[in-house]
Amino acid sequence: MLSCKEVSLLLSRSRDQRLTWRERLGVRLHLLYCEGCRRLEKQLRFLHAAVRRFVASAGPAADARLSEDARRRIRDALPRD
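Numbering (this note's numbering), first residue to last: 1 to 81.
Structure (structure tokens):
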């Protein structure tokens, strides 16, 4: 059985990529008995829909790319390993 932590990570990841059938099955089984994770899934669906609505209403400005200068500043601000 998957833990709540594992399920929360899988629910989040499922918004960006398709889970394997085993992962989907594990999540579904866990959601049958875990109210907290069902609540998290509902919240993630709401946030995903809200972001999609925002992007759709913002038009072309929402798809703007960073300038090369902004990319450089971000790269310089990140810690180096």
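We put the CB at the ideal spot given by N, CA and C, even for glycine.
In the DSSP assignment, S57 falls within the alpha helix (DSSP H) that extends over E35 to A58. Excluding its 5 nearest sequence neighbours in each direction, R71 has no C-beta neighbour in its own chain below 6 Å. Straight across, the Cα-Cα distance linking R39 with R13 is about 16 Å. Shown here, D16 sits in coil according to DSSP, grouped into three states, outside any helix or strand.
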